[in-house]
Amino acid sequence: MNVGADIKMQFLFALRSKGVTDARVLTVMEQVDRASFLTGLFKDRAYDDMPLPIACGQTISQPSIVGLMTQALDVQPRHKVLEIGTGSGYQAAILAKLARRVYTVDRFKRLVTEAKNLFDAQNISNITALTADGSHGLPEQAPFDRILLTAAAEDPPSTLLAQLRIGGIMVLPVGQSDTVQSLIRVTKTQTGLDYEELRTVRFVPLLEGLGQD
Ligand code: SAH
Numbered sequence: 001m002n003v004g005a006d007i008k009m010q011f012l013f014a015l016r017s018k019g020v021t022d023a024r025v026l027t028v029m030e031q032v033d034r035a036s037f038l039t040g041l042f043k044d045r046a047y048d049d050m051p052l053p054i055a056c057g058q059t060i061s062q063p064s065i066v067g068l069m070t071q072a073l074d075v076q077p078r079h080k081v082l083e084i085g086t087g088s089g090y091q092a093a094i095l096a097k098l099a100r101r102v103y104t105v106d107r108f109k110r111l112v113t114e115a116k117n118l119f120d121a122q123n124i125s126n127i128t129a130l131t132a133d134g135s136h137g138l139p140e141q142a143p144f145d146r147i148l149l150t151a152a153a154e155d156p157p158s159t160l161l162a163q164l165r166i167g168g169i170m171v172l173p174v175g176q177s178d179t180v181q182s183l184i185r186v187t188k189t190q191t192g193l194d195y196e197e198l199r200t201v202r203f204v205p206l207l208e209g210l211g212q213d
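Take the sequence shown: its position 210, counted from the start at 1, is 210 in full-length UniProt numbering, and no numbers get skipped.
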């Protein structure tokens, strides 16, 4: 979709007004076309700041939340990043413009296949998308500089914290799916873990095992 300049301006304005102020994050969010990660009539709503339905009963996150999470993750050009919850692939495409390599996993094979096709079509070559239960992380690729969860865990999974490099950052929603969740940032230091609460959010739950689709 060839998005009009005024729609993009409004989109960026909405992101800034919700606290997405990092220039690099705003630049990549201007470049990545959210409509290409949506289907049917939802494409027309791509530049509204709202979550929207995708396949397998899942959702593409609200752009301002994607921006705030990306900003909190402080991704640098040499980083190896792990995302749990590929969904549409939109967040992974944004991370891929900021990092050296992105590994993204989803429990639905269908979502991973569709996201891979979109990455190929858009010539994004630094994303490895895999069907897996992300709560186990990707031990064979660990340690990661950054880990992002786009599904809510009750607590930060210790398996994933173990796969984070010292000095690394993990951003995730925590709390039960039917209640208000907190978006938190965990920094792994030489001596332990620092926790910071960023805001309240609402995400689908991190579920065990693979999906049916
Ligand atoms: N980041 C996505 C939005 C993800 S919605 C985007 O940009 O579109 C959350 C996703 O987490 C869903 O697709 C869901 O299938 C996935 N998910 C939930 N539990 C999971 C688990 N244990 N392992 C991998 N993916 C999981």
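Where a beta carbon is used, it is the ideal one built from N, C-alpha and C, also for glycine.
Fair warning: this is a prediction, and the values are worked out from it, not measured in the lab.
According to the DSSP assignment, G4 belongs to no alpha helix (DSSP H), since it is labelled neither H nor E.
Within the region 8–33, the runs of alpha helix (DSSP H) at least 4 residues long that lie entirely inside it are, in chain order, 23–31. Under DSSP, D106 shares a beta bridge with T131.
When beta bridges are read from the DSSP output, I147 appears opposite L82 and M170. Burial state of R34 is buried, judged by a 10 Å Cβ sphere holding 16 or more other Cβ atoms. Proximity to G19 across D48, E83, L41 and T70 peaks at T70, based on C-alpha coordinates.
Within the region 169–201, complete beta strand (DSSP E) segments of at least 3 residues are found at 181–188 and 193–201, given in chain order.
Residue pairing by DSSP places R101 opposite K80 in a beta bridge.
In the three-state reduction of the DSSP assignment, A142 falls in the coil class, being assigned neither a helical nor a strand state. In the three-state reduction of the DSSP assignment, A46 falls in the coil class.
Taking C-beta atoms as the reference points, L172 and L148 count as a pair closer than 9 Å. The nearest non-hydrogen atom of the ligand SAH is less than 8 Å from the C-beta of G85. Distance check between L206 and each of V174, G67, A96 and I169 places V174 closest, using alpha-carbon atoms only. The beta carbon of I7 is closer than 8 Å to those of Y47 in its chain, skipping five residues each way along the sequence.
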